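**Q** Chains as they are written, first to last, in the working numbering: chain V, 856 to 1021; chain D, 1080 to 1739. All C-beta atoms, glycine included, are put in the ideal place defined by N, C-alpha and C. These numbers come from a predicted model, not from an experiment.
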Amino acid sequence: MSRKKRRLWILLLCGLGLGTATALTLTAFEDSLVFFFSPSDLAARSIPPDRPFRVGGLVEVGSITRSTNAEGRMETAFVVTDGARSLRVTYTGILPDLFREGQGVVAEGRLRPDGSFAASSVLARHDETYMPPEVADALRRAGHWQAGQPPPPPALWNTLAAPATN
Amino acid sequence: MIPELGHFALVLALLLAAAQAATTLAGAQLGERRGALLIAAGPPTAIGGAAFVGLSFGCLMWSYAVSDFSVANVVRNSHSLKPMLYKLTGTWGNHEGSMVLWILILGLCSAAVAGFGTNLPATLRARVLGVLGLVSVGFLLFTILTSNPFERVWPIPEDGTDLNPLLQDPGLAFHPPFLYLGYVGTAVAFAFACAALIEGRVDAAWGRWVRPWTLAAWCALTLGIALGSWWAYYELGWGGFWFWDPVENASLMPWLLATALLHSAIVVEKREALKVWTILLAILTFSLSLLGTFLVRSGVLNSVHAFANDPDRGVFILILLALTVGGSLTLFAWRAPAMVPQGVFAPLSREGALVLNNLLLATLCAVVFVGTLYPLFADLILGAKITVGPPFFNATTFPLFIPLMVAMAVGPLLPWKRADLWAALARLRLAFAVVAVFAVVYIAAVDRALLPLAGFAVALWVVLAAATDLADRIKLGAVPLGDSWRRLRGLPRGAIGGIIAHAAVGICVAGIAGKGIAPERITLLKPGETTTIAAYTIRFEGTSPVTGPNWTGTEGRLVVIRDGREIGALAPQRRFYPVARMSTTEAAIRTSGVADLYGVIGESTEDGATVVRLHFNPLAPWIWVGAVLMALGGVVSLSDRRLRVGVPARRRAAVPVAAE
Chain V
856 MSRKKRRLWI LLLCGLGLGT ATALTLTAFE DSLVFFFSPS DLAARSIPPD
906 RPFRVGGLVE VGSITRSTNA EGRMETAFVV TDGARSLRVT YTGILPDLFR
956 EGQGVVAEGR LRPDGSFAAS SVLARHDETY MPPEVADALR RAGHWQAGQP
1006 PPPPALWNTL AAPATN
Chain D
1080 MIPELGHFAL VLALLLAAAQ AATTLAGAQL GERRGALLIA AGPPTAIGGA
1130 AFVGLSFGCL MWSYAVSDFS VANVVRNSHS LKPMLYKLTG TWGNHEGSMV
1180 LWILILGLCS AAVAGFGTNL PATLRARVLG VLGLVSVGFL LFTILTSNPF
1230 ERVWPIPEDG TDLNPLLQDP GLAFHPPFLY LGYVGTAVAF AFACAALIEG
1280 RVDAAWGRWV RPWTLAAWCA LTLGIALGSW WAYYELGWGG FWFWDPVENA
1330 SLMPWLLATA LLHSAIVVEK REALKVWTIL LAILTFSLSL LGTFLVRSGV
1380 LNSVHAFAND PDRGVFILIL LALTVGGSLT LFAWRAPAMV PQGVFAPLSR
1430 EGALVLNNLL LATLCAVVFV GTLYPLFADL ILGAKITVGP PFFNATTFPL
1480 FIPLMVAMAV GPLLPWKRAD LWAALARLRL AFAVVAVFAV VYIAAVDRAL
1530 LPLAGFAVAL WVVLAAATDL ADRIKLGAVP LGDSWRRLRG LPRGAIGGII
1580 AHAAVGICVA GIAGKGIAPE RITLLKPGET TTIAAYTIRF EGTSPVTGPN
1630 WTGTEGRLVV IRDGREIGAL APQRRFYPVA RMSTTEAAIR TSGVADLYGV
1680 IGESTEDGAT VVRLHFNPLA PWIWVGAVLM ALGGVVSLSD RRLRVGVPAR
1730 RRAAVPVAAE
């Protein structure tokens, strides 16, 4: 086999590999990208109920309730807020160690027909001083957290009004 | 005083690294004769540099051991009540300390090249040391300027704020050193690649020097990743072992490319082909290792591992990354066309199979790369917050992984240069028949989900093919057993290592596929209530308080019942670390070697019921057994005579070594 022919073979294989990779990536992107929305974003736009997405904010103080649902599993409900809008979230399963009121939290799941959010997973971070960047961003956009400052104390932000400026 | 000594040693190491890079590169440029004096300065500076970094690291460890709370780094990451083991491992359980560890390992690698590389051509060794010196300079500057571990605080606090409790764990204590050993090992392959580009020469001998380094780095990386995922499995308490988290991917990408490099270096060594590609792979592998460091240390990607977020550091590492990748790729574009390929081979041959291996591994790496970095680009360019989660990675990697596994079984059976595929497949007919029978029985008796079945089938296929390879090589059954035994002992270690590592991949994949059929149960139990999982009945007997040296917590007691008999108990814990104000989950795992019973307790409600999560994970331990065996295969292969240091100089090997 001549060198030229071999090179052709290798190029062909590389092209095939690259093509497969691109095709795989694009098809997977189509249906597995998960977008992040803050409660304010959700109020501003409509999202098809079958599309999974992430929502994040702070867990509202005094909003956590636990109950046993129809299938006998423990269900936790809580309200996630960015200070301007809030969203009721339900979750079945073991919550992360750092999940608590006032904590920044990101939940992944789908919207229910009644407008509440059924989370399939809840992520709270490993470090209690750590704020998920999306949540920090959502709080900033709602005018409740200026960059470089610590997050507002949880006891306050139920009553916080969005500042007039910003 | 000790911390200042450490700081001073670090600065001295920087100066030595700069001297090492300058003298060796200049000396090599002058030539073996005229630059002899400069070249001779390389090894002592490398060894001296490593000694000073070692001293610095020792000083930092000392500060941790005696809990010197005048050092800011110790205050932030240690506590006087912490067990001694975690005080010591806390040295690298934080950003600054881990950078010193990184540099220490790099220094030790340079010293090893300096000390053991006496049979390398003088200019090549000088250039390798020069490139390693440059890398050291970059990282030392980074550490000294942006993350000085010896910074003092005033007033001296009474006690520290404790190490992140999740890191206070034996699995994680040794995860970073192995991972770094792997990352840094790729730096040596990178240095060899750059040196070869400057020299303008790559031959079989070069392949033989690069391979042990890559192999060692690959073994360490394999163990590091395995330790990390094992830790995630038993410590994070969600029952999985791999989350496709950006930081996990950051370690997986160099691993995939290092695996490719390992195999393409064989082609360079045996057949003097694929030289340019191998050099490019070496550069890319190290670039991805740097990228991994960047992703972990800058916190640009949203990840459960986000420990250190400091934009200055991110920018610094980004510049370092741009210089290294940009510089080496420019060098590559400039010099690579000078490399003339020599070995000619047919597409259907051992070389061809290795090309396919490289192609699939590189493609795998590329999709993981896209998935990992796309959210970053989407945020920067489109302004959209996007997560690319496990569904994406599962959908893109499995279709590439399965052909890789199928081909990986056949590749080692093909001869070099030109092969007959049918002859190789004919040797595998028994393996194929067994896999086919297994698939039919599995569908009929166990489960019909396609993906786990495919996983088990390719795993079996790979193990059987490795066994076939071994049996053929020792002519098992064809000659008397004693002869086979003698043949086995005569086999090159490289071949045995390869067979072990390939079979280990199969074992590991079987474990991963097992997770695909693992049942899971989350339920709310009151003391005395029972639930079932797989063939087991689990009785919850309530929780009781427990205390440790620096934590308090509750421990649940779950009695495991099978066929009406109590066969054991699970004692999962939830711990609270008051100093760090964090709680952690300790999963209880009861393993039989072929399956894990995995229990976690969650919070309790007012009426005394506790959330209990149970998993039954068939074959789960095999994931890590497989990974350890893979690394073991690598070590066996490393002990091959051919690669052993001090083999009588075959360095002028102009003729390719005969194929096995």
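1. In its own chain, which residues sit with a C-beta less than 6 angstroms from the C-beta of residue 1129/D, not counting the 5 before and 5 after it?
2. Using 7 angstroms as the limit for Cβ to Cβ distance, is residue 1426/D near chain V?
3. Is residue 958/V helix, strand or coil when you go by DSSP?
4. Identify the contact partners of residue 1470/D in chain V, using a Cβ-Cβ distance below 7 angstroms as the criterion.
5. Between residue 1430/D and the rest of its own chain, which residues show a CB-CB distance below 8 angstroms, the 5 nearest in sequence each way excluded?
6. Whose Cβ in chain D lies nearer than 8 angstroms to the Cβ of residue 1022/V?
7. Anything in the segment 1478-1512 of chain D with a Cβ closer than 9 angstroms to a Cβ of chain V? List those residues in chain order, please.
8. Verify the CB distance criterion: does residue 1393/D have a CB-CB separation below 7 angstroms to chain V?
9. Can you look up residue 1609/D in the DSSP assignment and give me helix, strand or coil?
10. By the criterion of Cβ-Cβ separation under 8 angstroms, what are the contact partners of residue 855/V in chain D?
11. Mark residue 870/V as exposed unless 16 or more other C-beta atoms lie within 10 angstroms of its C-beta, in which case mark it buried.
12. Closest to residue 915/V by CA distance: which of 906/V, 876/V, 937/V and 929/V is it?
13. If we ignore side chains and look at the alpha-carbon of each, how far apart do residue 873/V and residue 863/V end up?
14. Output the residue ranges of the alpha helix (DSSP H) runs that lie fully inside the segment 1387-1462 of chain D and measure 4 residues or longer, sorted by chain position.
15. Does any residue of chain D have a CB that is nearer than 7 angstroms to the CB of residue 866/V?
16. Verify the CB distance criterion: does residue 912/V have a CB-CB separation below 7 angstroms to chain D?
17. Which runs of the beta strand (DSSP E) at least 3 residues long sit entirely within the segment 1524-1604 of chain D? Give them in chain order.
18. Start and end of the beta strand (DSSP E) containing residue 1649/D?
19. Anything in the segment 1680-1702 of chain D with a Cβ closer than 9 angstroms to a Cβ of chain V? List those residues in chain order, please.
20. Would you verify that the beta carbon of residue 1349/D is, or is not, closer than 7 angstroms to some beta carbon of chain V?
21. Check whether chain D comes within 7 angstroms of residue 956/V, counting only Cβ atoms and requiring the distance to be less than that.
22. Should residue 1741/D be labelled buried (16 or more other beta-carbon atoms within 10 Å of its own) or exposed?
23. State the Cα-Cα distance for the pair residue 1610/D and residue 1618/D, rounded to the nearest angstrom.
24. Across the segment 1506-1521 of chain D and the segment 1432-1440 of chain D, are there enough close Cβ pairs to call them in contact, namely three or more that are closer than 8 angstroms?
25. Hey, is residue 989/V's beta-carbon within less than 7 angstroms of any beta-carbon in chain D?
26. Give the range of the alpha helix (DSSP H) segment to which residue 1258/D is assigned.
27. Residue 1666/D lies in the beta strand (DSSP E); which residues open and close that run?
28. Which residues does DSSP list as the beta-bridge partners of residue 861/V?
29. Exposed or buried, which one is residue 1668/D when buried takes at least 16 other CB atoms within 10 Å?
30. In whole angstroms, give me the CA-to-CA distance for residue 1548/D and residue 1263/D.
31. For the beta strand (DSSP E) that contains residue 898/V, what are its first and last residues?
32. Taking contact to mean 3 or more Cβ pairs, one atom from each stretch, closer than 8 angstroms, check whether the segment 1265-1284 of chain D and the segment 1233-1253 of chain D are in contact.
33. Would you list, in sequence order, the uninterrupted alpha helix (DSSP H) runs of no fewer than 4 residues that lie entirely inside the segment 1162-1186 of chain D?
34. If I'm right that residue 1250/D touches residue 1306/D with Cβ under 8 angstroms, what's the distance once you round it to whole angstroms?
35. Per DSSP, residue 1696/D forms a beta bridge with which residues?
36. Less than 7 angstroms separating the beta-carbons of residue 1714/D and residue 1298/D?
**A** Reading off the structure:
1. As a first step, residue 1129/D must be located in the second sequence, where it is residue number 50. Same-chain partners within the cutoff: 1186, 1187 and 1190.
2. Here residue 1426/D refers to the residue found at position 347 of the second sequence. Yes, contact with chain V.
3. For the purposes of this step, residue 958/V is taken as the residue at position 103 of the first sequence. In this structure, DSSP gives residue 958/V a state outside helix and strand, which the three-state scheme calls coil.
4. For the purposes of this step, residue 1470/D is identified with residue 391 of the second sequence, where counting begins at 1. Taking a Cβ-Cβ threshold of 7 angstroms, the residues of chain V close to residue 1470/D are 887, in chain order.
5. Along the second sequence, read from residue 1 onward, the residue named residue 1430/D stands at position 351. Result list for residue 1430/D: 1346, 1350, 1352, 1353, 1422, 1424, 1495 and 1496, in chain order.
6. Nothing can be reported for residue 1022/V: it is not among the residues displayed for chain V, which extend from 856 to 1021.
7. Those residues of the segment 1478-1512 of chain D that come within reach of chain V (Cβ to Cβ, closer than 9 angstroms) are 1478, 1479 and 1497.
8. Against the second sequence, residue 1393/D aligns to sequence position 314. For residue 1393/D, the closest Cβ of chain V is not nearer than 7 angstroms.
9. Stepping through the second sequence from its first residue, residue 1609/D is reached at position 530. Residue state, collapsed to three classes: strand.
10. Nothing about residue 855/V can be read from this structure; chain V reaches only from 856 to 1021.
11. Numbered from its first residue, the first sequence carries residue 870/V at position 15. By the Cβ neighbour-count rule, residue 870/V is exposed, with fewer than 16 other Cβ atoms within 10 Å of its own.
12. Mapped onto the first sequence, residue 915/V falls at position 60. Comparing Cα-Cα distances from residue 915/V to each of 906/V, 876/V, 937/V and 929/V, the minimum goes to 937/V.
13. What you label residue 873/V is simply residue 18 of the first sequence in a count that begins at 1. What you label residue 863/V is simply residue 8 of the first sequence in a count that begins at 1. Going from the Cα of residue 873/V to the Cα of residue 863/V covers about 15 angstroms.
14. Those alpha helix (DSSP H) runs which fall completely within the segment 1387-1462 of chain D and span 4+ residues are 1390-1414 and 1429-1456.
15. Numbered from its first residue, the first sequence carries residue 866/V at position 11. Not closer than 7 angstroms to any Cβ of chain D, the Cβ of residue 866/V fails to qualify, so no.
16. Position 57 of the first sequence, counted from the first residue, corresponds to residue 912/V. Residue-level contact by beta carbon fails for residue 912/V and chain D, as no gap is shorter than 7 angstroms.
17. Considered as a whole, the segment 1524-1604 of chain D harbours 1599-1604 as its complete beta strand (DSSP E) runs of no fewer than 3 residues, in chain order.
18. The residue you call residue 1649/D lines up with position 570 of the second sequence. 1644-1649 is the span of the beta strand (DSSP E), which, as asked, contains residue 1649/D.
19. Within the segment 1680-1702 of chain D, the qualifying residues are 1680, 1681, 1682, 1684, 1685, 1688, 1690, 1691 and 1692.
20. In the second sequence, residue 1349/D corresponds to position 270, counting from 1. For residue 1349/D, the answer is no, since every Cβ of chain V falls outside 7 angstroms of its Cβ.
21. On the first sequence, position 101 is the one that residue 956/V refers to. Not closer than 7 angstroms to any Cβ of chain D, the Cβ of residue 956/V fails to qualify, so no.
22. Missing from the structure shown is residue 1741/D; chain D here goes from 1080 to 1739 and no further.
23. Within the second sequence, the letter at position 531 stands for residue 1610/D. Within the second sequence, the letter at position 539 stands for residue 1618/D. Cα to Cα, the separation comes out at about 7 angstroms.
24. Below 8 angstroms, too few C-beta pairs join the segment 1506-1521 of chain D and the segment 1432-1440 of chain D to call them touching: fewer than three.
25. In the first sequence, the residue the question calls residue 989/V occupies position 134. Yes, because at least one Cβ of chain D sits closer than 7 angstroms to the Cβ of residue 989/V.
26. For this step, residue 1258/D is matched to residue 179 along the second sequence. Under the DSSP assignment, residue 1258/D falls in the alpha helix (DSSP H) whose first and last residues are 1254-1278.
27. One-based indexing of the second sequence puts residue 1666/D at position 587. From DSSP, residue 1666/D is part of no beta strand (DSSP E); its letter is neither H nor E.
28. Looking up residue 861/V in the first sequence gives position 6. Beta-bridge partners assigned by DSSP to residue 861/V: none are found.
29. The count along the second sequence starts at 1 and reaches residue 1668/D at position 589. Result: buried.
30. Position 469 of the second sequence, counted from the start, is the residue given in the question as residue 1548/D. Position 184 of the second sequence, counted from the start, is the residue given in the question as residue 1263/D. Going by C-alpha positions, residue 1548/D is about 33 angstroms away from residue 1263/D.
31. Translated into the one-based positions of the first sequence, residue 898/V becomes position 43. Segment 894-899 is the alpha helix (DSSP H) holding residue 898/V; no beta strand (DSSP E) there.
32. The answer is no - the segment 1233-1253 of chain D does not touch the segment 1265-1284 of chain D, with fewer than three Cβ pairs under 8 angstroms.
33. Considered as a whole, the segment 1162-1186 of chain D harbours 1163-1168 as its complete alpha helix (DSSP H) runs of no fewer than 4 residues, in chain order.
34. To locate residue 1250/D, count along the second sequence from 1; it is residue 171. To locate residue 1306/D, count along the second sequence from 1; it is residue 227. Correct: roughly 6 angstroms between the Cβ atoms.
35. Translated into the one-based positions of the second sequence, residue 1696/D becomes position 617. BP columns for residue 1696/D point to 1675/D.
36. Mapped onto the second sequence, residue 1714/D falls at position 635. Mapped onto the second sequence, residue 1298/D falls at position 219. Going by C-beta atoms, residue 1714/D is nearer than 7 angstroms to residue 1298/D.
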